[in-house]
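Colleague:
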Amino acid sequence: MATIRSRVILNVTNEKGRRVRRREFWSRSFLLHFIELLYNQHAQLATAIRDIGSTSRTLTLGGHSYHSAWKYTRAHIYVGAPAGDVTTIIQTGNSTSSPSLPNHALRHSWQYTGEHYGLVVGTGTTAPTTTDDKLESQIAHGEAAGELTYGGCEVYGLQFGALPGGHAGEFTIRRYYTNMSGGVVKVCEAGLYALGCAYAAISSQGPVNDALWRFCIARDLTNPGVPADGIDVLDTEVLEVRYVLKITP
Amino acid sequence: MKQPRLEGRVTPTVVKPRPIFRPGEMGVVLEYTVRTPEGKVTEHKRMKSKSFVRAFLELLFVQMQMTSYNYPYAIRNTSNAMSNMSENYLAFSVGAAEGAAGNGVVVGSGVGAVDIDDYKLGTQISHGNTAGLLWYGAQTYGAPGAGALLSVFRMTRDFTNATAIGSPPGGNVTVNEVGVRCNSFDSGGTSRNFLIIRDVIALGIVVPTGQILTINYEEQVTL
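Taken in sequence, the protein lines are chains H and C.
Under this note's numbering, think of the first position of the first sequence as 1, with each following residue one higher.
Under this note's numbering, think of the first position of the second sequence as 250, with each following residue one higher.
(1) Taking the alpha carbon of C188/H as the reference point, which residue from A127/H, G80/H and G196/H has its own alpha carbon closest?
(2) Could you give the distance in angstroms between the alpha-carbon of N40/H and the alpha-carbon of P417/C?
(3) Could you tell me whether the Cβ of R303/C comes closer than 8 Å to any Cβ of chain H?
(4) Can a CB atom of chain H be found closer than 8 Å to the CB of P393/C?
(5) Nearest-angstrom Cα distance between Q111/H and V86/H?
(6) Shortest alpha-carbon distance to A380/C belongs to which of M404/C, A397/C, V422/C and A392/C?
(7) Strictly under 8 Å for the Cβ-Cβ distance: is H116/H near chain C by that measure?
(8) Taking C-beta pairs closer than 8 Å, name the residues in chain C that R5/H reaches, listed in chain order.
(9) Three or more beta-carbon pairs under 8 Å between the segment 264-284 of chain C and the segment 294-306 of chain C, yes or no?
(10) Give me the chain C residues within the contact set of I247/H, using Cβ-Cβ distance strictly less than 9 Å, ordered along the chain.
(11) List the DSSP bridge partners of T149/H.
(12) Helix, strand or coil for L451/C, going by three-state DSSP, please let me know.
(13) What does a CB cutoff of less than 7 Å around G124/H pick up in its chain, not counting 5 residues either side in sequence?
(14) From what residue to what residue does the beta strand (DSSP E) around L308/C run?
(15) Once the 5 residues before and after Y150/H are set aside, which same chain residues still bring their CB inside 7 Å of it?
(16) Beta-carbon separation of G34/H and R303/C under 8 Å?
(17) Name the two residues that bound the continuous alpha helix (DSSP H) containing L472/C.
(18) Given 8 Å as the limit, is there contact between the segment 439-456 of chain C and the segment 340-360 of chain C, that is, 3 or more CB pairs closer than that?
(19) Verify whether the separation of the beta carbon atoms of F301/C and I217/H is less than 8 Å.
(20) Buried or exposed for Y320/C, going by 16 or more other Cβ atoms inside 10 Å?
(21) Once DSSP output is grouped into helix, strand and coil, what is the label at P102/H?
(22) Where does Q44/H sit, in a helix, a strand or coil, going by DSSP?
(23) Throw me the rounded Cβ distance for the R325/C and Y368/C pair, which I believe falls under 8 Å.
(24) For E237/H, name the three-state secondary structure that DSSP assigns.
(25) Would you give the residue range spanned by the beta strand (DSSP E) that E287/C belongs to?
(26) Could you please give me the residues that DSSP links to A81/H through a beta bridge?
(27) Could you tell me the distance, in whole angstroms, from the CA atom of R23/H to the CA atom of R7/H?
(28) Please list the residues of the segment 138-156 of chain H that have a C-beta atom closer than 9 Å to any C-beta atom in chain A, keeping them in chain order.
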């Protein structure tokens, strides 16, 4: 039975690098929007998906890809992200419907800073539902009270073989969060915000005025049994959150 | 015999109220139906699929990482060659027109057990209307839907044991394996095919002359 499950691992380490808290459990909550993004890629058909602002965005495909002379991308299901406040610029198409391509001057780009997508954490305690559009209350990037500084979101470690637990393959999505707020931050929820591309129009030479939107594809409580009892991150401590996607033969 | 005429289409996916996978699990349900040309069902079964093979996880990794075309990841394609893959819009595309047996849901006669490293069906049955072949319909879809505990979409394809006009009946065709092939651009911009799902059917599915085999694959995630 080959299915895919995700192990969620939370580790908190102190200033000395010693692990002081740990929690590990199976993710229970890949959401409708994950299935919609996969459907969009499988069927290559326009797909309306609610973004994290609960606004319906019609994801479309077609056009060109990054390997082509046009060098733009749909970035669907993209969760790798830079650190908080660090901008990633993704070229998603062109800004005019009749460009002489390839023409970098006409390139349309979209940008986010790292904390806005990838692996995210929050303080919400309500149980996930299949149609959740976002975390209930995402913790902001920063050093003020109640905030955490977001590291980069890595996607790494794809491997196959006889892995522990009887799994046949896995890869990991990981992010570090540092508490520089001066107080305790309680993390009660975690999830994945993936990017997807919707463009305003399609010209004979490709999509036009594309925009990248964020879609919540997974949401988990960090303590499903006692939702309000999340995992504490004390001042100066570092929280590591991992989603390990495992395929079981 | 009149050839089947199948149009690509999208219909809503019926979301079953009770998931069959564990909470948090992503899996595939395989459902097959054999019908006479008049629509009478002669065989039907719904089961958990053995489902995903290696390339599914690899392509998901490439998309989630947005692997650069300058630093691609090599994935074995259905021709048993390694393809350098990077993020692209075509990844996971299973679209297939009528008669296009290189992509989408495919069927075969191989009986070898499913292995995570499978990169193709054991022996794929070709498209055609002569003995031993099946007529591949167009790939169709069920749009995504969600219930309280389940999110799902469906991929469907019909396979007809057709006989060319003026030819003698070709006899039964037995389908022992089912799978899904997708295509995706490699980092050089060439379209490549990958097997992402494979199932072996115990005892096989017998498709008599003139009858139609419908394969439904439902990709599901369970809350």
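Think of the CB as a built atom: it goes at the ideal place given N, C-alpha and C, for glycine as much as any other residue.
Modeller: Inspection of the coordinates gives the following:
(1) Cα-wise, what sits closest to C188/H is A127/H.
(2) Rounded to the nearest angstrom, the two C-alpha atoms are 42 Å apart.
(3) Interface flag for R303/C against chain H is set, since a Cβ pair is found closer than 8 Å.
(4) Interface with chain H (8 Å Cβ-Cβ cutoff): P393/C is included.
(5) Looking at the two C-alpha atoms, the distance is approximately 10 Å.
(6) Per the Cα distances, V422/C.
(7) The beta carbon of H116/H does not come within 8 Å of any beta carbon belonging to chain C, so the residue lies off that interface.
(8) Identification of chain C residues near R5/H by a Cβ-Cβ cut-off of 8 Å yields R271, G273, E274 and M275, ordered along the chain.
(9) A contact exists between the segment 264-284 of chain C and the segment 294-306 of chain C.
(10) Simply F301, V302, R303, F305, L306 and I365.
(11) T149/H is bridged to T178/H.
(12) According to the sequence shown, residue 451/C is Ala rather than Leu. Correct three-state label for A451/C: strand.
(13) Excluding sequence neighbours, G124/H sits near L135, E136, S137, C188 and E189.
(14) Careful: L308/C lies outside any beta strand (DSSP E), inside the alpha helix (DSSP H) at R303 to Q314.
(15) Around Y150/H, the same chain offers A83, G84, G114, E115, H141, R175 and Y177 as residues with beta carbons nearer than 7 Å, after the five sequence neighbours per side are excluded.
(16) Checking the displayed sequence, the identity of residue 34/H turns out to be Phe instead of Gly. No, the Cβ-Cβ distance between F34/H and R303/C is not below 8 Å.
(17) Looking at the DSSP string, L472/C is not in any alpha helix (DSSP H), and its letter there is neither H nor E.
(18) In short, these stretches touch, since the Cβ pair count reaches three.
(19) One thing to note: F301/C has its Cβ no nearer than 8 Å to the Cβ of I217/H.
(20) Counting Cβ neighbours within 10 Å, Y320/C comes out exposed, since fewer than 16 surround it.
(21) Legend: pLDDT at P102/H = 46, less than 50; position of this residue unreliable, value from coordinates given subsequently. Of the three classes helix, strand and coil, the one that applies to P102/H here is coil, per DSSP.
(22) In the structure shown, Q44/H sits in coil (DSSP, three-state: anything other than H, G, I, E or B).
(23) A Cβ-Cβ separation of about 5 Å places R325/C in contact with Y368/C under the 8 Å criterion.
(24) Reduced to three states, the DSSP call for E237/H is coil.
(25) Neither: E287/C is in no beta strand (DSSP E) and is coded neither H nor E.
(26) Under DSSP, A81/H shares a beta bridge with C153/H.
(27) Taking the straight line joining both Cα atoms gives about 11 Å.
(28) No chain A is present in this structure, whose protein chains are H and C.
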